[in-house]
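**Q** Starting off with a structure, shown below.
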Amino acid sequence: MTDQPRHPAGVDTAWEGENHSDLAADFPTPDHIPHAATAHEPGVIETKDMDVFYGDFKAVADVTVSFARNEISALIGPSGCGKSTVLRSLNRMNDLIPSARVTGKVEYHGANIYDPGVDPVEIRRRIGMVFQKPNPFPKSIFDNVAWGAKINGFKGSKSDLGDLVEESLTQAALWDEVKDKLKDSGLSLSGGQQQRLCIARAIATQPDVVLMDEPASALDPIATLRIEELMLELKEQYSIIIVTHNMQQAARVSDKTAFFNVALDTKGQRTGYLVEFSPTQELFTSPREKATEDYITGRFG
Amino acid sequence: MTNIFNGGPVPEAHGERGEHKEIRHHFEDQLDEIRSGLVELTTLVLENTRRAGQVVAENRLDLIDVVRNGDDAIDDLYVELEHQTFNILALQQPVATDLRFLVAATRILYEAERSGDLAVNIVNRAESQSGFPQIPAIHSLLARLADESAAMFAQCVDALATFNPEIGENAEEFDDVVDTVTDRFFGTVHAHSAEIGLECAVEMSHVGRFFERIADHGVNIAQNVTYVVTGHFPDVESADPPE
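If you read the protein sequences in the order shown, they are chains A and B. According to numbering that gives the first Met the number 0, the first sequence is numbered sequentially starting from 0. According to numbering that gives the first Met the number 0, the second sequence is numbered sequentially starting from 0.
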């Protein structure tokens, strides 16, 4: 969340303006999505033939995948396989890199988030992100959580804002530890607490999907387990997509796992591709693809 | 011999620099130790099953103590292998084929150890009767049953040594032969029960059942091998957890 919103007073003006395609105007909100889980329920985010380029370099090729609602999906694979690139493409975080370009489709509730007229800031409000290194603002714990709501045009009273902060911190399993020191700096917390603060900040804007890029890799094992436990709580309300180098973490928390690998082309360029996206229990017991088996059993590195 | 841990085609591209590089040699060695241990354990059980067959079919009462001592070695190896398997499960977080192999190993250990006990039960029953009476009709069937049972168990040793999934796929058919011979044996013992005495008939029936059970354990072991290789049991019904 390092970028500044273009409409600090709220994104609704941009969102509801007249110069939008039908797709953008009809952009569904999560409340309009029926919750009933059916076998053919479309994913909350679906990519179709997605390529991601940095300049001329194709970082990721031909990713077609559907992330289900209220599930945790894990992206695993060796360094350079493009899993973080894929994650950042799902809420247009890659827009912040000038040379980055996405082709194909990334559909959020059926609408392509890369269509003209779609506001990336609104996308990122609905599809929040938590980063590898906890990055609270150098502000109070309260303000860290209230920030997102304020810049998104929170219109409630002061006490409403207080309620939102408490609710978000409670959901992030941090409230009991910080309720008596909400005015302390967010940076005064431990690493694990800072990461939960960042999760509280991400969910305070009431997103639909939370993307997590290695959210526990800078934390000790106990703090890691707290974050994992938190993810399992949060998936009741949110859809979570996580990138992790820790295969046991993917195995412990995720419902489905995507394995990405790297292919070298004739010019020696390394392009990531999706090998297999399977229910986690299947992927770690009987993977469909030999390449997945070799990676998760550590036979090739 | 196929090595399930290293076999198969190397994938096109993988890894940090796309190089083909095997890692975790120490872990591979640990798995290989368990695998060769399982072959050794089942071979010991097979030898004891054959000896038990000689005890009842050839009246080789001199082999009774050999069978009992052999079972002590089986139990020792069982304990050691179970310990190793449990440690790897606890410490290495195995997945995929490795996980299936180690879970199957715990089942195979149980099946083999039980088979070893059954061979001891057989020689105990023979000893209690000071050897079985030599009625040709009964005897030829008992010898046949002992042979078929040992042959089935030999197949599971072969399955473990080669990791051939087809042996487990076809094990039920082989086991049907054992079951048929067992039924004929029961019928024949029953028909001669007045002649050999009720107690002896009961003991011989037990012996028949024990041989038949050893063959069943052999089937389960071979099917577990199929599970390791393919990820599926060939026959879910007969692969129920042991009672």
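Cβ coordinates follow ideal geometry from the N, Cα and C atoms, glycine included.
Under 8 Å Cβ-Cβ, which residues of chain B neighbour A:Glu292?
**A** Per Cβ cutoff of 8 Å: Ala95 and Thr96.
**Q** For A:Phe276, return the contacting residues in chain D, with the cut-off set at a CB-CB distance below 7 Å.
**A** Absence of chain D from the displayed structure is noted, the protein chains being A and B.
**Q** Can you give me the C-alpha to C-alpha distance between A:Ser72 and A:Val252, rounded to a whole angstrom?
**A** One C-alpha to the other measures close to 9 Å.
**Q** Tell me the DSSP secondary structure of A:Leu210 in three-state form.
**A** Residue state, collapsed to three classes: strand.
**Q** For a cutoff of 8 Å on Cβ pairs, would you count B:Ile107 as touching chain A?
**A** No, no contact with chain A.
**Q** Mind pulling the chain A residues with CB within less than 7 Å of B:Gly130?
**A** Residues of chain A passing the Cβ test: none, with the nearest at roughly 50 Å.
**Q** Does any residue of chain B bring its CB to less than 8 Å from the CB of A:Ser285?
**A** Judged by the 8 Å Cβ criterion, A:Ser285 is in contact with chain B.
**Q** Of all Cβ atoms in chain B, is any one closer than 8 Å to the Cβ of A:Gly271?
**A** No, its Cβ sits nowhere closer than 8 Å to a Cβ of chain B.
**Q** Taking 8 Å as the cut-off, decide whether the C-beta atoms of B:Cys155 and B:Ala51 are in contact.
**A** No.
**Q** What do you get for B:His231, buried or exposed, if any count of 16 or more other CB atoms within 10 angstroms of its CB means buried?
**A** Exposed: under 16 other Cβ atoms inside 10 Å.
**Q** Determine the chain B residues that contact A:Thr296 at a beta-carbon separation under 7 Å, and present them in chain order.
**A** Under the 7 Å cutoff, chain B gives Val94, Ala95, Thr96 and Asp97.
**Q** I want to see whether chain B comes within less than 8 Å of A:Gln247, judged by CB atoms only; does it?
**A** By this cut-off, A:Gln247 is an interface position.
**Q** Can you check the stretch 187 to 211 of chain B for any alpha helix (DSSP H) of at least 4 residues that lies completely inside it and give the ranges in chain order?
**A** As far as the stretch 187 to 211 of chain B is concerned, its whole alpha helix (DSSP H) runs of at least 4 residues are 192 to 195.
**Q** For the stretch 157 to 170 of chain B and the stretch 189 to 207 of chain B, state whether three or more C-beta atom pairs, one from each stretch, are separated by less than 8 Å.
**A** Counting Cβ pairs under 8 Å, fewer than three are found: no touch.
**Q** What's the call for B:Asn47, buried or exposed, on a 16-neighbour Cβ count within 10 Å?
**A** Flag for B:Asn47 reads buried.
**Q** Examine chain A for any beta-carbon lying closer than 8 Å to the beta-carbon of B:Ile22, and answer yes or no.
**A** Cβ-Cβ to chain A under 8 Å: yes for B:Ile22.
**Q** Taking all protein chains shown into account, decide if B:Gly36 is buried (16 or more other Cβ within 10 angstroms of its Cβ) or exposed.
**A** Buried is the call here.
**Q** In chain order, what residues of the same chain lie with their CB nearer than 6 Å to the CB of A:Ala222, ignoring the 5 residues before and after it?
**A** Excluding residues within five positions, the ones whose Cβ falls inside 6 Å are Gly191.
**Q** Consult DSSP for A:Lys138 and reduce its assignment to one of helix, strand or coil.
**A** Coil, per DSSP.
**Q** With a 10 Å radius around its C-beta and 16 neighbouring C-beta atoms as the bar for buried, classify A:Glu70 as buried or exposed.
**A** Buried, because 16 or more other Cβ atoms sit within 10 Å of the Cβ of A:Glu70.
**Q** Quick check on this structure: which residue in A:Leu163, A:Glu213, A:Asp219 and A:Phe136 has the alpha carbon closest to the alpha carbon of A:Ser184?
**A** Residue A:Phe136 is the option with its Cα nearest to A:Ser184.
**Q** For A:Asp159, does the count of other Cβ atoms within 10 angstroms reach 16, so buried, or fall short, so exposed?
**A** With fewer than 16 other Cβ atoms within 10 Å, it is exposed.
**Q** My understanding is that A:Cys80 touches A:Gly271, with C-beta atoms under 8 Å, so please give their C-beta distance in whole angstroms.
**A** With a Cβ gap of about 4 Å, A:Cys80 and A:Gly271 count as contacting.
**Q** Just to check my reading of the structure: A:Arg68 and A:Ser238 have Cβ atoms closer than 8 Å, yes? What is that Cβ distance to the nearest angstrom?
**A** Yes, they are in contact, since the Cβ atoms of A:Arg68 and A:Ser238 sit about 5 Å apart, within 8 Å.
**Q** Could you please give me the residues that DSSP links to A:Asp50 through a beta bridge?
**A** DSSP output for A:Asp50 lists A:Thr102 as bridge partner(s).
**Q** Please report whether the beta-carbon of B:Gly36 lies at a distance below 8 Å from any beta-carbon of chain A.
**A** Cβ-Cβ to chain A under 8 Å: no for B:Gly36.
**Q** Whole angstroms is fine: what's the gap from B:Tyr109's alpha carbon to A:Thr284's?
**A** Distance between the alpha carbons of B:Tyr109 and A:Thr284: 22 Å.
**Q** Taking B:Gly230 as the query, report the chain A residues whose CB atoms sit under 8 Å from its CB, ordered along the chain.
**A** Per Cβ cutoff of 8 Å: Thr284 and Ser285.
**Q** Which residue's Cα is closest to the Cα of B:Asp243: B:Cys199, B:His216, B:Glu198 and B:Phe100?
**A** This structure leaves residue 243 of chain B out entirely; chain B is present only between 0 and 242.
**Q** Considering just the uninterrupted stretch of the beta strand (DSSP E) at A:Leu229, what are its terminal residues?
**A** Run containing A:Leu229: none in the beta strand (DSSP E); it sits in the alpha helix (DSSP H), Pro220 to Leu233.
**Q** Exposed or buried, which one is A:Thr203 when buried takes at least 16 other CB atoms within 10 Å?
**A** The amino acid at residue 203 of chain A is misidentified as Thr; the sequence shows Ala. By the neighbour-count rule (16 or more Cβ atoms within 10 Å), A:Ala203 is buried.
**Q** Considering only residues of the same chain and omitting the five flanking positions on each side of A:Phe153, which have a CB-CB separation below 7 Å?
**A** Contacts found: Leu160.
**Q** Would A:Leu233 pass as a contact of A:Gln170 if the rule is Cβ separation under 8 Å?
**A** Yes.
**Q** Taking all protein chains shown into account, do 16 or more other C-beta atoms lie within 10 angstroms of the C-beta of A:Pro97, making it buried, or fewer, making it exposed?
**A** With fewer than 16 Cβ atoms within 10 Å of its Cβ, A:Pro97 is classed as exposed.
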